[in-house]
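Asks: Below you will find the structure I want to go over with you.
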Amino acid sequence: MEMHHHNHHETLTGAGYDIVIVSILIAAMLAYPLAAYFTSKTYKNWPLYRYIFWILGVVTAGAALVGPLAELAHSSFTAHMFGHLLLGMLSPLLLVISAPVKLLLRTLNTTNARILSRLLKGRYIQFVSNPIVAGTLNIGGLAVLYTTGLYSAMHDSLLLHVLVHLHVFLAGYLFTASIIYMDVSPHRYSYVYRALVLILALAGHKILSKHIYAYPPEGVARADAETGGMLMYYGGDMVDVVIIIILCYHWYKTTAPRRVSPPDTGAALPAE
Amino acid sequence: MQETTSAEINLHNDLHKKLEYSKRNLWSGLLFGIGTMAFVDEVVFHFLLQWHHFYDLSTTAVGIFSDGLLMSFAWFAAIGSLFMFADLRRRNVFWMKKWAGAVFLGAGIFQLFDGIVNHKILRVHQIRYNADNILVYDIAWNASAVVLLIIGLVLLKQTRKASGKMKEGS
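Chains as they are written, first to last, in the numbering used here: chain G, 8 to 279; chain Y, 1247 to 1416.
So this is what it looks like as structure tokens:
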């Protein structure tokens, strides 16, 4: 019988871990609004909705990392999966919409902004921001996590635990940013290409969640894996629907017919 | 000598424009039909009736793969086709009959594919479990798919006639 052999987890991510995470969250929560507020004095007003999305994004990521849900995730796979949806999908989407890189570029002084901009245009970012690469990092990472012993090992090593969560968040962010261009996006790809990669990634997510349902990861009870798998399947749908809508909306806007000037009715024009 | 009124000219131009976008009307309808049917399938048979199962032990690996691809494509199709619909409307080239015909056709294709390939060949899941006679369900399912398909084809055939006349006329 499968069993929960992770009864020592509470000690794995102790108070020290919580303090570090909470500090990072608070720093993020403060830095963005401050930067947005002060740069709004020299540049265009930073829109209010972006402040809101940033705060929501930080809160959703935080909910997955510390607090009751994170505690529960040590023993319950379903809770872990809920956290994964927040950390790897919902939070990245909210953060991408808040366009943090755009904000960072106008916060930095000219020299540093140039360095950052050169970095963004560089070959590394070009490589990882290719949707197919970002999608592979995202879904491939999850496949490794749930089909190998990594999920079980993550519960016994703090280092693995931190690395896995960091990867889930970063890969989720990278993938979202590679599909919808809400922020600075120096390496752009066509709508058709991004749509195809998004369909493939969504398919991969669905396949993986059914695989979890059918073959529970090491150390996860069948009933828990079934609920978690279904949560992953339908929860993923909900976030992806928003990404699809944003992508299609951008597509719709760029293909707008050029405004045809009204038929030449010179006589009707008021005489100067 | 025949005087054509400006209204007639406008009508002629409108039809001409619609013909130009005939294919986009067709694709928008087709994708919407596929997407909507997948959505209906999910909501009605999985959630409300709970006839379909998320996974059953006879689901094949290929079944999990193809179903994942099909469902994610259908999600994109449902949303994308509505934006195409909005695009047709803003260009003033929306062609109701063509679009509706394509919706029926798409819905029929999805149902038939689901009924034959997914349910029977890949065994993703059955229509209903613990049913006395699954064959009756299968026949009803696929027959309804064929009915949708035929409605779609008939409507599209009628639009073809219309566009044929238009081309001769111009």
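Glycine residues also receive a C-beta, built at the ideal position from the N, C-alpha and C atoms.
Predicted model, so just to flag it, every value in this text is computed and none were measured.
Go through its chain and collect everything with a Cβ distance to residue 277 of chain G's Cβ below 6 angstroms, but skip five positions before and after it.
Replies: In the first sequence, residue 277 of chain G corresponds to position 270, counting from 1. Any reading at residue 277 of chain G needs caution, since the residue's pLDDT is 43, under 50, leaving its predicted position unreliable; the model's value is listed next. Counting only Cβ-Cβ distances below 6 angstroms, and skipping sequence neighbours, we find nothing.
Asks: Could you tell me which chain Y residues have their CB closer than 7 angstroms to the CB of residue 262 of chain G, listed as they occur along the chain?
Replies: Here the question's residue 262 of chain G lines up with position 255 in the first sequence. The contacting residues are 1333.
Asks: Rounding to the nearest angstrom, what Cα-Cα distance links residue 55 of chain G and residue 61 of chain G in this structure?
Replies: For the purposes of this step, residue 55 of chain G is taken as residue 48 along the first sequence, with counting starting at 1. For the purposes of this step, residue 61 of chain G is taken as residue 54 along the first sequence, with counting starting at 1. The straight-line gap from Cα to Cα measures roughly 10 angstroms.
Asks: Please confirm whether residue 1310 of chain Y has its beta-carbon closer than 7 angstroms to some beta-carbon of chain G.
Replies: As a working mapping, residue 1310 of chain Y is identified with position 64 in the second sequence. Cβ-Cβ to chain G under 7 angstroms: yes for residue 1310 of chain Y.
Asks: Let me know if residue 1357 of chain Y comes out buried or exposed under the rule of 16 or more other beta-carbons within 10 Å of its beta-carbon.
Replies: On the second sequence, position 111 is the one that residue 1357 of chain Y refers to. Classified as buried, residue 1357 of chain Y has 16 or more neighbouring CB atoms from the shown chains inside 10 Å of its CB.
Asks: Can you pull the chain Y residues whose beta carbon is under 8 angstroms from the beta carbon of residue 251 of chain G, in chain order?
Replies: Position 244 of the first sequence, counted from the first residue, corresponds to residue 251 of chain G. At a C-beta separation below 8 angstroms, residue 251 of chain G has these neighbours in chain Y: 1321, 1322, 1325 and 1326.
Asks: Using beta carbons (cut-off 7 angstroms, strictly below), is residue 1301 of chain Y in contact with chain G?
Replies: In the second sequence, counting from the first residue as 1, residue 1301 of chain Y sits at position 55. Residue 1301 of chain Y counts as touching chain G.
Asks: Leaving out the 5 sequence neighbours to the left and right, which residues in its chain are closer than 6 angstroms to residue 1431 of chain Y when beta-carbon positions are compared?
Replies: The question about residue 1431 of chain Y has no answer here: the residues shown for chain Y are numbered 1247 through 1416.
Asks: Within 7 angstroms (strictly less), CB to CB, does residue 238 of chain G reach chain Y?
Replies: Taking the first residue of the first sequence as 1, we reach residue 238 of chain G at position 231. It does not: the Cβ of residue 238 of chain G has no partner Cβ on chain Y nearer than 7 angstroms.
Asks: Give me the chain Y residues within the contact set of residue 256 of chain G, using Cβ-Cβ distance strictly less than 8 angstroms, ordered along the chain.
Replies: Reading the first sequence from its first residue, position 249 is the one you call residue 256 of chain G. Simply 1329.
Asks: Would you say residue 251 of chain G and residue 1340 of chain Y are within 7 angstroms of each other, going by their C-beta atoms?
Replies: Position 244 of the first sequence, counted from the first residue, corresponds to residue 251 of chain G. Position 94 of the second sequence, counted from the first residue, corresponds to residue 1340 of chain Y. Against a cut-off of 7 angstroms, the Cβ pair of residue 1340 of chain Y and residue 251 of chain G comes out as no contact.
Asks: Judging by CA-CA distance, which residue of G/124, G/175, G/237 and G/206 is the nearest neighbour of residue 221 of chain G?
Replies: Position 214 of the first sequence, counting from 1, holds the residue named residue 221 of chain G. Nearest option by C-alpha distance: G/237.
Asks: Taking 8 angstroms as the limit between beta carbons, can you name the residues of its chain near residue 137 of chain G, skipping five residues before and five after?
Replies: In the first sequence, counting from the first residue as 1, residue 137 of chain G sits at position 130. Taken in chain order, the residues that qualify are 185, 194 and 196.
Asks: In the DSSP assignment, the alpha helix (DSSP H) including residue 1419 of chain Y goes from what residue to what residue?
Replies: Outside the displayed span of chain Y (1247 to 1416) sits residue 1419 of chain Y, for which this structure offers no information.
Asks: Just the C-alpha distance for residue 213 of chain G and residue 243 of chain G, rounded to the nearest angstrom, thanks.
Replies: Position 206 of the first sequence holds residue 213 of chain G. Position 236 of the first sequence holds residue 243 of chain G. If I take the Cα positions, the gap works out to 8 angstroms.
Asks: Going by alpha carbons, who is nearest to residue 143 of chain G out of G/248, G/191, G/113 and G/205?
Replies: Against the first sequence, residue 143 of chain G aligns to sequence position 136. If we check each option's Cα against that of residue 143 of chain G, G/205 comes out closest.
Asks: To the nearest angstrom, how far is the alpha carbon of residue 263 of chain G from that of residue 150 of chain G?
Replies: As a working mapping, residue 263 of chain G is identified with position 256 in the first sequence. As a working mapping, residue 150 of chain G is identified with position 143 in the first sequence. Cα to Cα, the separation comes out at about 39 angstroms.
Asks: Give me the Cα-Cα distance between residue 1398 of chain Y and residue 1389 of chain Y, rounded to the nearest whole angstrom.
Replies: Residue 1398 of chain Y sits at position 152 when you count from the first residue of the second sequence. Residue 1389 of chain Y sits at position 143 when you count from the first residue of the second sequence. Those two C-alpha atoms are separated by around 14 angstroms.
Asks: Taking the C-alpha atoms as reference points, what is the distance between residue 182 of chain G and residue 1252 of chain Y?
Replies: Numbered from its first residue, the first sequence carries residue 182 of chain G at position 175. Numbered from its first residue, the second sequence carries residue 1252 of chain Y at position 6. Going from the Cα of residue 182 of chain G to the Cα of residue 1252 of chain Y covers about 53 angstroms.
Asks: Pull out every residue of the segment 216 to 230 of chain G whose Cβ sits closer than 9 angstroms to any Cβ of chain Y, in chain order.
Replies: The residues in question are 216, 217, 218, 220 and 221.
Asks: Can you confirm whether residue 1265 of chain Y, when its beta carbon is compared against all beta carbons of chain G, has any partner nearer than 7 angstroms?
Replies: Within the second sequence, residue 1265 of chain Y is the residue found at index 19, counting from 1. The Cβ of residue 1265 of chain Y sits no closer than 7 angstroms to any Cβ of chain G.
Asks: Hey, which unbroken runs of the alpha helix (DSSP H) at 4 residues or more fall wholly within the segment 1330 to 1380 of chain Y?
Replies: 1342 to 1359
Asks: Would you kindly check if the distance between the Cβ of residue 1274 of chain Y and the Cβ of residue 1342 of chain Y is under 7 angstroms?
Replies: By one-based count along the second sequence, residue 1342 of chain Y stands at place 96. By one-based count along the second sequence, residue 1274 of chain Y stands at place 28. The answer is no: Cβ separation not under 7 angstroms.
Asks: Give the interface partners of residue 1315 of chain Y over in chain G, defined as CB-CB distance under 7 angstroms, in chain order.
Replies: Within the second sequence, the letter at position 69 stands for residue 1315 of chain Y. What residue 1315 of chain Y touches in chain G: 210.
Asks: Give a yes or no on whether the C-beta atoms belonging to residue 146 of chain G and residue 210 of chain G are separated by under 7 angstroms.
Replies: The residue given as residue 146 of chain G occupies position 139 in the first sequence. The residue given as residue 210 of chain G occupies position 203 in the first sequence. No, the pair does not count as a contact, with Cβ atoms beyond the cut-off.
Asks: Under 7 angstroms between beta-carbons, which chain Y residues line up against residue 25 of chain G? List them in chain order, please.
Replies: On the first sequence, residue 25 of chain G is found 18 positions in, with the first residue counted as 1. Within chain Y, no C-beta atom comes nearer than 7 angstroms to that of residue 25 of chain G; the closest sits roughly 36 angstroms away.
Asks: Going along chain Y in order, which residues have a C-beta closer than 7 angstroms to the C-beta of residue 202 of chain G?
Replies: In the first sequence, residue 202 of chain G corresponds to position 195, counting from 1. Within 7 angstroms Cβ-Cβ: 1322.
Asks: Answer yes or no: does any C-beta atom of chain Y fall closer than 7 angstroms to that of residue 206 of chain G?
Replies: For the purposes of this step, residue 206 of chain G is taken as the residue at position 199 of the first sequence. Judged by the 7 angstroms Cβ criterion, residue 206 of chain G is in contact with chain Y.
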